[in-house]
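This report concerns only the one structure given below.
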Amino acid sequence: MIHLDRIVLREIRLPLREPFRISSGEMTERRILLCELFDADGASTWSECVVDDAPNYSPETLDTAWPTITRFLAPRLLGRRVETPGEVFALLEQDVRGHNMAKAALEMGCWAIAAEQAEMPLARLIGGTRERIATGISLGIQRDVHALIAKAEEALAAGYQKVKIKIAPGRDVDWVRAVRTAVGHDAHLMADANNAYTLADTDRLLALDDLGLMMIEQPLAWDDLVRHAELQRKLRTPLCLDESIVSLERAQDMVTLEAGRIVNIKPGRVGGFTASLRIHDYCESVGVPVWCGGMLESGIGRAYNVALASLPNFTLPGDLSPSARYWAQDVVTPEWTMDAEGMVQVPLGMSGIGVTVDRKRIESLTVRAEELRAR
543 MIHLDRIVLR
553 EIRLPLREPF
563 RISSGEMTER
573 RILLCELFDA
583 DGASTWSECV
593 VDDAPNYSPE
603 TLDTAWPTIT
613 RFLAPRLLGR
623 RVETPGEVFA
633 LLEQDVRGHN
643 MAKAALEMGC
653 WAIAAEQAEM
663 PLARLIGGTR
673 ERIATGISLG
683 IQRDVHALIA
693 KAEEALAAGY
703 QKVKIKIAPG
713 RDVDWVRAVR
723 TAVGHDAHLM
733 ADANNAYTLA
743 DTDRLLALDD
753 LGLMMIEQPL
763 AWDDLVRHAE
773 LQRKLRTPLC
783 LDESIVSLER
793 AQDMVTLEAG
803 RIVNIKPGRV
813 GGFTASLRIH
823 DYCESVGVPV
833 WCGGMLESGI
843 GRAYNVALAS
853 LPNFTLPGDL
863 SPSARYWAQD
873 VVTPEWTMDA
883 EGMVQVPLGM
893 SGIGVTVDRK
903 RIESLTVRAE
913 ELRAR
């Protein structure tokens with residue numbers, strides 16, 4: 543039984559170790575929206591809303607998620623008794639279109655509350671089976687091709703099992719080819735376009751076919767499955783859809799239209815764990831592999847991704863880099879790490895999200911906070 547009586551929202555500012563650039567812009571500091579959830583029976587946990595500062599990945603931003611949570615979503619949960627966390631998604635969906643990341647912050651937090659109550663790891667509560675997860679790295683667009691090659695070589699030497707190269711028109715085929723030449727044909731490489739292309743760029747995208755990539759992620763518009771299907775018919779390389787998959791129904795449409803062959807499941811993008819589990823199970827049933835992408839989360843958001851990626855059909859390395867990849871100091875202990883084989887350990891030795899949140903550090907980083915209580 544989940545019975546939330548208090549939710550505290552916090553905005554923190556966490557500087558990145560180095561700028562992270564994709565086709566739509568560059569980030570040097572992460573504005574992060576954290577939620578602390580309190581159950582009337584004494585259990586508590588933290589969750590993270592993975593919105594960006596600008597609407598360049600999703601229509602949502604931190605400044606839309608905050609009022610959506612306070613005005614529309616949190617009041618549906620505060621003071622209400624819910625039998626299981628699986629019921630929360632439907633409560634938040636009713637008459638609220640979109641805002642999946644805002645919904646996910648509360649929905650996944652309820653799963654973590656349930657794990658605390660059951661005194662079991664979150665990964666096990668949602669059906670996870672793995673104890674270690676293969677990890678890849680996402681490399682932002684670099685200043686030049688030589689810097690990109692150096693980053694890729696460094697990542698592979700550190701043990702990362704996949705290198706994702708962010709691309710954009712003018713920094714794509716030649717850059718990826720240079721990396722492939724430098725690291726050899728056995729290295730697992732993929733390209734991520736973040737919607738930067740159209741079908742007018744088909745010849746350029748077809749040139750990536752000869753580079754032995756694991757996949758090309760989301761080359762075309764985030765809401766366009768039909769043109770992805772047209773492109774996939776011409777490509778040997780699998781297309782992986784990310785921004786396009788916002789629900790189970792969209793995953794089913796992808797398969798029906800043959801618009802892609804791989805799905806990147808980000809729990810925040812689809813509204814939380816309930817939707818993620820449905821997409822995972824459906825993809826498993828039709829033979830579509832999935833993997834877990836990242837949104838430059840703090841160690842709190844990373845905990846939820848690691849739990850999700852422990853499910854059996856997450857067969858490709860996820861974007862689950864260690865804390866030190868992005869932050870000089872994370873907000874959890876222990877910080878997330880990776881072994882020499884490129885594996886992240888699923889924290890099965892404690893209940894809930896598996897890490898301890900550093901409250902003192904979060905308070906020092908907080909720029910605004912708001913407490914919501916049951917009436």
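Residue numbers for the sequence shown follow this note's numbering, beginning at 543 and rising by one.
All C-beta atoms in this analysis are idealised placements derived from N, C-alpha and C, irrespective of residue type, glycine included.
Remember, predicted model here, so these are calculated numbers, not experimental data.
Item, Value
"Could you spell out where the alpha helix (DSSP H) holding D605 opens and where it closes?", "604 to 610"
"At the level of alpha carbons, what is the spacing between R778 and E772?", "12 Å"
"Give the straight-line distance between the Cα atoms of P859 and N736, rounded to the nearest whole angstrom.", "19 Å"
"Can you grab the Cα-Cα spacing for the pair T768 / L799, in whole Å?", "Checking the sequence, you will find Val at residue 768 rather than Thr. The straight-line gap from Cα to Cα measures roughly 7 Å."
"Please report how far the alpha carbon of R572 lies from the alpha carbon of N598, in whole angstroms.", "14 Å"
"Taking a contact to mean a Cβ-Cβ separation below 9 Å, would you say L762 touches V718 in this structure?", "no"
"Return the CA-CA distance between L681 and L850, expressed in angstroms with no decimal places.", "22 Å"
"What is the DSSP secondary structure of C668, counted as helix, strand or coil?", "One point to set straight first is that residue 668 is Ile, not Cys, in the sequence displayed. Coil at I668, not helix or strand."
"So, Y846 versus S589, is the Cβ gap smaller than 9 Å?", "yes"
"Could you give the DSSP three-state label for G841: helix, strand or coil?", "helix"
"My understanding is that V593 touches A607, with C-beta atoms under 8 Å, so please give their C-beta distance in whole angstroms.", "5 Å"
"Considering only residues of the same chain and omitting the five flanking positions on each side of E785, which have a CB-CB separation below 6 Å?", "Q760, W764"
"Out of curiosity, what's the CA-to-CA distance linking R910 and F614?", "20 Å"
"M543 by DSSP, collapsed to three states: which one?", "coil"
"If you check the beta carbons only, do V780 and R746 fall under 9 Å apart?", "In the sequence under discussion, the amino acid at residue 780 is Pro, which differs from the Val named in the question. Their beta carbons are not under 9 Å apart, which means P780 does not touch R746 by this criterion."
"Does the contact criterion of 3 or more C-beta pairs under 8 Å hold for the stretch 649 to 661 versus the stretch 807 to 820?", "yes"
"F631 to L819, Cα distance in whole Å?", "12 Å"
"How many whole angstroms separate the CB atoms of R552 and L576, which I take to be in contact at a CB cut-off of 8 Å?", "5 Å"
"May I ask you to report which of helix, strand or coil DSSP gives W653?", "helix"
"Going by the beta-carbon positions, is the gap between G802 and L790 smaller than 9 Å?", "no"
"Taking DSSP's pairing of strands, which residues face P663 in a bridge?", "G894"
"Excluding the 5 residues flanking R555 on each side, which residues of the same chain have their C-beta closer than 8 Å to its C-beta?", "E571, R572, R573, I574, L907, V909"
"In terms of alpha-carbon separation, which member of A742, D728, I549, L558 lies closest to E839?", "L558"
"So, using beta-carbon positions, are R672 and V888 closer together than 9 Å?", "yes"
"Look up A916 in the DSSP assignment and say whether it is helix, strand or coil.", "coil"
"Relative to the C-alpha of A660, which candidate in A733, A585, I611, D716 has its C-alpha closest?", "A585"
"What separation, rounded to the nearest whole angstrom, lies between the Cα atoms of R722 and A870?", "30 Å"
"Please report the residue range of the alpha helix (DSSP H) in which Q887 lies.", "Counting along the chain, Q887 falls outside any alpha helix (DSSP H), though it belongs to the beta strand (DSSP E) covering 885 to 887."
"Should I919 and A694 be called a contact, given that it needs their Cβ atoms to be closer than 9 Å?", "Nothing can be reported for residue 919, as the shown portion of the chain is limited to 543 through 917."
"With a threshold of 7 Å on Cβ separation, who are the neighbours of T603 within its own chain once the five nearest residues in sequence on each side are excluded?", "V593, D594, D595, A596, P597"
"Along the chain, where does the alpha helix (DSSP H) that runs through C825 open and close?", "815 to 827"
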